[in-house]
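If you're matching positions, the sequence shown starts at 1 in UniProt numbering and goes up one per residue. For each residue, glycine too, the CB sits at the ideal point set by N, CA and C. Bear in mind the structure is a predicted one, so any value in this text is a computation, not a measurement.
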Amino acid sequence: MELACRGYMDDPSEPPTPQTWPAPYRPDQARPMRAALTRVLNACLIFAQA
């Protein structure tokens, strides 16, 4: 999950605190990862139905 988080939110510039973590979700930053995961999941569904 740690690697996945980096696809849609920024790491805090300082050590995380309850006030700074988790970082806010950034839809613009997540768009490429969402597109890739959508393709992967669709391929899995097609494979499972074959």
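Checklist line | Segment limits, alpha helix (DSSP H) that includes Asp28 | finding: Asp28 -> alpha helix (DSSP H) spans 27-49.
Check: Going along the chain, which residues of its own chain have a beta-carbon closer than 7 Å to the beta-carbon of Ala30, five neighbours each way excluded?
Finding: If we look at Ala30 and ignore the five residues flanking it on each side, its Cβ neighbours are Gly7, Tyr8.
Check: Quick one: what's got a C-beta closer than 7 Å to Pro24's C-beta in the same chain, skipping five residues either side?
Finding: For Pro24, where only same-chain residues beyond five positions count, the Cβ hits under 7 Å are Met9.
Checklist line | Nearest neighbour of Cys5, chosen from Leu45, Thr38, Met33 [CA to CA] | finding: The shortest C-alpha separation from Cys5 is found at Met33.
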